[in-house]
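Enquirer: First residue of the sequence shown? That's 4 in our numbering, and the numbers climb one at a time after it. We put the CB at the ideal spot given by N, CA and C, even for glycine.
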Amino acid sequence: MVRFDESQVDEETAVRPFSLADTDGAALGDVLATETRELVFRSEALAQPFLAAVDSPEDVSFSIDAPEQLPDGTLLQYSTVVGMDPRTYQRILEQFPTVIETSLLRRSDGSIYVETHTESDSISAIFDEFGGRTKRITLRDGALVTVGELPATVETEAVAEEVQSLYPDMELAADRLVPSSRLSHAVVTDKLTDRQLTALTLAHRHGYFEAPRRATGAEVAEEMGITKQTFHNHLRRAQAVVFDQLFGSAESSRSTDG
4 MVRFDESQVD EETAVRPFSL ADTDGAALGD VLATETRELV FRSEALAQPF LAAVDSPEDV
64 SFSIDAPEQL PDGTLLQYST VVGMDPRTYQ RILEQFPTVI ETSLLRRSDG SIYVETHTES
124 DSISAIFDEF GGRTKRITLR DGALVTVGEL PATVETEAVA EEVQSLYPDM ELAADRLVPS
184 SRLSHAVVTD KLTDRQLTAL TLAHRHGYFE APRRATGAEV AEEMGITKQT FHNHLRRAQA
244 VVFDQLFGSA ESSRSTDG
């Protein structure tokens with residue numbers, strides 16, 4: 004089923020910018036990663052529905068966020084798509100046997116943001132299982148090209164085996180180490196429970212923090228399969244963890260203020 008919805012700051016009070024000197028040696032390795040491994044997969048078979056639906060395949064690109072697992076084991080995946088009509092994109096997605104339903108969350112400046120509810124198997128879930136993410140997906144030379152960004156130490160053969168067990172036509176076209184410029188989010192997410200991370204992520208992606216809100220707490224709670232009160236409890240605790248990592252814990256601040 005396709006759902007479609009159309010000052011002056013003095014020196015003493017200034018916030019000091021983040022510095023690597025603020026990070027102890029043990030945590031530094033978690034904060035900065037010097038290299039990541041890019042694995043490039045291509046499939047001509049998976050490209051066909053997209054190639055048949057667009058006039059300029061080279062203008063189409065997909066950016067996929069890390070999937071979120073629901074209590075029943077199914078996944079929510081989020082994609083930003085450029086160069087495709089939302090109805091067409093949703094229709095193509097729902098031809099895949101692992102897709103349950105899709106929802107258009109928003110559209111702006113030629114791009115669309117789509118939520119896809121899938122079974123537990125997907126290439127993004129495989130990358131996530133190995134500690135990585137889907138970096139980008141494009142249509143190039145008659146093939147769907149998927150680039151995964153994974154830890155430098157990952158076993159390439161193990162990842163390729165998992166991907167090809169799901170999509171036998173997926174060919175490993177490149178395996179390379181590249182410099183990483185991204186700050187790892189593991190420092191924060193490792194301190195959150197799975198439910199806290201899911202509550203925070205879904206609230207952000209569904210526009211709960213926007214003004215006006217695009218989704219209520221009850222709607223996000225329903226998506227998670229929990230009560231509104233439980234959702235708000237998870238969300239408050241998750242926000243506290245994030246703020247503690249950014250600004251230091253409230254207890255530490257109180258103990259040093261005096």
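Can you give me the Cβ contacts of residue 176 inside the same chain, cut-off strictly under 7 Å, excluding the 5 residues immediately before and after it?
Expert: 43, 44, 45
Enquirer: Give the DSSP-derived three-state secondary structure of residue 59 in the structure shown.
Expert: coil
Enquirer: Do the segment 113-120 and the segment 151-158 touch if we need at least three Cβ pairs shorter than 8 Å?
Expert: no
Enquirer: What do you reckon, are the CB atoms on residue 91 and residue 66 nearer than 7 Å?
Expert: Not a contact, by the Cβ cut-off of 7 Å.
Enquirer: Considering Cα atoms alone, identify which of 106, 110, 199 is closest to residue 121.
Expert: 106
Enquirer: Could you please give me the residues that DSSP links to residue 83 through a beta bridge?
Expert: 66, 116
Enquirer: State the DSSP-derived secondary structure class of residue 177, mapped to helix, strand or coil.
Expert: strand
Enquirer: Quick one: residues in its chain with C-beta nearer than 7 Å to the C-beta of residue 87, no 5 flanking neighbours on either side, listed in chain order?
Expert: 57, 63
Enquirer: Are residue 69 and residue 143 close, meaning C-beta to C-beta below 7 Å?
Expert: no
Enquirer: From residue 99 to residue 230, what distance separates their C-alpha atoms?
Expert: 31 Å
Enquirer: Which residues does DSSP list as the beta-bridge partners of residue 137?
Expert: Per DSSP, 151.
Enquirer: Which term fits residue 147, buried or exposed, when burial requires 16 or more other beta carbons within 10 angstroms of its beta carbon?
Expert: buried
Enquirer: Please name the residue, chosen from 244, 170, 169, 52, that lies closest to residue 264 on a Cα-to-Cα basis.
Expert: This structure cannot settle anything about residue 264, because the visible part of the chain is limited to 4 through 261.
Enquirer: Taking all protein chains shown into account, decide if residue 203 is buried (16 or more other Cβ within 10 angstroms of its Cβ) or exposed.
Expert: buried
Enquirer: For residue 243, is the classification buried or exposed, using 16 other Cβ atoms within 10 angstroms of its Cβ as the cut-off for buried?
Expert: Exposed, by the Cβ-count rule.
Enquirer: Could you tell me which of 127, 200, 139 sits nearest to residue 165, measuring between CA atoms?
Expert: Minimum Cα distance to residue 165 is reached at 127.
Enquirer: For residue 103, which three-state DSSP category applies?
Expert: strand
Enquirer: Classify residue 181: buried if its beta carbon has 16 or more other beta carbons within 10 angstroms, exposed otherwise.
Expert: exposed
Enquirer: Looking at C-alpha atoms only, which residue of 47, 41, 38 is the closest neighbour of residue 171?
Expert: 47
Enquirer: Kindly identify the DSSP beta-bridge partner or partners of residue 42.
Expert: For residue 42, the beta-bridge partners assigned by DSSP are 151, 178.
Enquirer: Give me the residue from 161, 239, 163, 232 with the minimum Cα distance to residue 212.
Expert: 239
Enquirer: What are the start and end residues of each continuous alpha helix (DSSP H) run of 4 or more residues lying completely inside the segment 189-258, in chain order?
Expert: 189-192, 197-208, 220-227, 231-250
Enquirer: Can you tell me whether residue 161 is buried or exposed? The criterion is at least 16 other CB atoms within 10 Å of its CB, across all chains shown.
Expert: Exposed.
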